[in-house]
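Worksheet: the structure to be examined is printed underneath.
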Amino acid sequence: MTPDPIEDDEPSLAVRPRRKGIYALPNAITLASLFSAFYAIVMAMNGRFEVACVAIFAAAILDSLDGRVARMTNTQSAFGEQMDSLSDMVAFGAAPALIVYMWALKDMGKPGWIPAFVYIAGAALRLARFNVNIGVVDKRYFQGLPSPAAAALVIGLIWAVVDQASYSGVEPGGWVAWTAYGVTLFAGLSMVTNAPFYSFKVFDRRRSVPFIVLVLIMLAIGLAALDPSRVLFGAFCVYGLSGYVIYGWRKAKGKPVSVISTSTDEPDERGLHQ
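Counting from 1416, one number per residue, gives the positions in the sequence shown under this note's numbering.
Following this line, the structure appears as structure tokens:
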């Protein structure tokens, strides 16, 4: 009599391992942002600075979309995070530094290297610090000026000046060149400060707002359409100073100014790691 086969004797179906691949949609958006930065550099080399400025702002818009698309489609990956960081270094670090150097700083000689290098080094340090501190920073704030905002500050200045009907180039040693020098230096150093800049990441999407808020948004859009270069530059100037205002206000109130949390058990660190 042949014994009935036991369950262990039955051939088991081999489970095919899941293929490791790269998600196309979010990484395609990241590549589009990278191409916008490359296009901006090429346009600046050809003296078309207005087009270069628009390309950097397009890169910033695309950069704000890739992470959100990845979360919405559940396609986050470690590869995508690294790709996004490298793209940001080019789009908001190397590209703005090269564009402002070619636009206003190259005629200063070697002193013109200083703000451009401080800016690109600040962007590299800012991105590296962001990557290692991403799990211990209050999500309501950025530690230091974010690199897209720093790029918008520098590029916004160029666009606001170039957009003038009477623009005929930057005079070597003139006030425009020195303004570009100061703004670039400020943006580069602001990226490596500990000043807290509001991130606009934490808000209740389901919360209703008064009707007047929509009216104000409508007016803001109309104002931006009326003179995009000046409005955007002014808006990012305000944002670039806001972190120092928050820092000074917290100092004056005796509140902690650091957005880094080392322990979730301390009373002063409530609200972090949410």
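Idealized CB from N, CA, C, for every residue including glycine.
Contact under 7 angstroms by Cβ, residue i with residue j
i	j	result
G1559	V1607	yes
V1505	A1455	no
V1674	D1503	no
S1614	Y1556	yes
P1611	I1661	yes
A1509	P1563	no
I1471	I1573	no
A1639	V1630	no
Y1438	S1492	yes
6 angstroms CB neighbourhood of residue i in its chain, flanking five on each side removed
i	result
K1670	none
E1681	Confidence in E1681 is poor, its pLDDT being 42 and thus under 50, which makes the residue's placement unreliable; the coordinate value appears in the next sentence. No residues qualify anywhere along the chain.
Y1596	P1530
G1705	Since the first and last residues shown for the chain are 1416 and 1689, residue 1705 lies out of range.
Q1689	Low per-residue confidence applies at Q1689: pLDDT is 38, beneath 50, and the placement is therefore not dependable, though the value from the model is reported in the following sentence. If we look at Q1689 and ignore the five residues flanking it on each side, it has no Cβ neighbours.
G1663	none
S1605	L1560
A1665	According to the sequence as given, residue 1665 is Arg; it is not Ala. Here the set comprises V1672.
R1685	For R1685, the predicted structure reports a pLDDT of 46, less than 50, and the residue's modelled location is therefore unreliable. The matter cannot be settled from this model.
N1461	none
Supposed close pair residue i, residue j - CB separation, criterion 8 angstroms
i	j	result
M1517	A1592	About 12 angstroms; that fails the 8 angstroms criterion.
N1546	M1498	Contact doesn't hold; Cβ gap of about 13 angstroms is too wide.
I1444	V1484	6 angstroms
T1488	L1440	6 angstroms
Residues near residue i by beta carbon distance below 8 angstroms, same chain, minus five either side
i	result
D1522	V1585, P1587, G1588 and A1592
L1477	I1444, T1445, A1447, S1448 and S1451
Alpha-carbon to alpha-carbon, residue j and residue i
i	j	result
F1507	L1449	10 angstroms
L1687	L1634	Confidence at L1687 is low in this model, with a pLDDT of 42, below 50, so its placement is unreliable and no value can be given for it.
T1679	N1609	The predicted model places T1679 with a pLDDT of 45, which falls under 50 and marks its position as unreliable; any figure quoted below should be read in that light. Rounded to the nearest angstrom, the two C-alpha atoms are 20 angstroms apart.
R1434	A1543	Here R1434 scores only 48 on pLDDT, less than 50, and its place in the model should not be relied on; the value that follows carries that caveat. In a straight line, the C-alpha of R1434 is about 30 angstroms away from that of A1543.
A1467	D1578	12 angstroms
E1465	L1568	15 angstroms
V1457	V1628	40 angstroms
W1528	A1512	10 angstroms
V1653	G1524	31 angstroms
T1677	P1561	The pLDDT assigned to T1677 is 45, lower than 50, so where the model puts this residue is not dependable; a value taken from the coordinates is nonetheless given after this. Roughly 22 angstroms between the two C-alpha positions.
L1600	G1655	12 angstroms
S1644	G1658	22 angstroms
S1623	I1632	15 angstroms
G1637	F1648	16 angstroms
F1494	P1625	41 angstroms
G1482	A1667	36 angstroms
Same chain, Cβ closer than 7 angstroms to residue i, five either side skipped, listed in chain order
i	result
Y1701	Residue 1701 lies beyond the residue range present for the chain, which begins at 1416 and ends at 1689; the question has no answer from this structure.
A1519	V1585, V1591, A1592 and A1595
Distance cut-off 6 angstroms: residue i Cβ against heavy atoms of the ligand ATP
i	result
R1483	Of ligands this structure carries none, so the ligand ATP is not represented either.
Proximity test, Cβ basis, 7 angstroms: residue i and chain D
i	result
A1439	Of the protein chains in the structure, only one exists, and it is not chain D.
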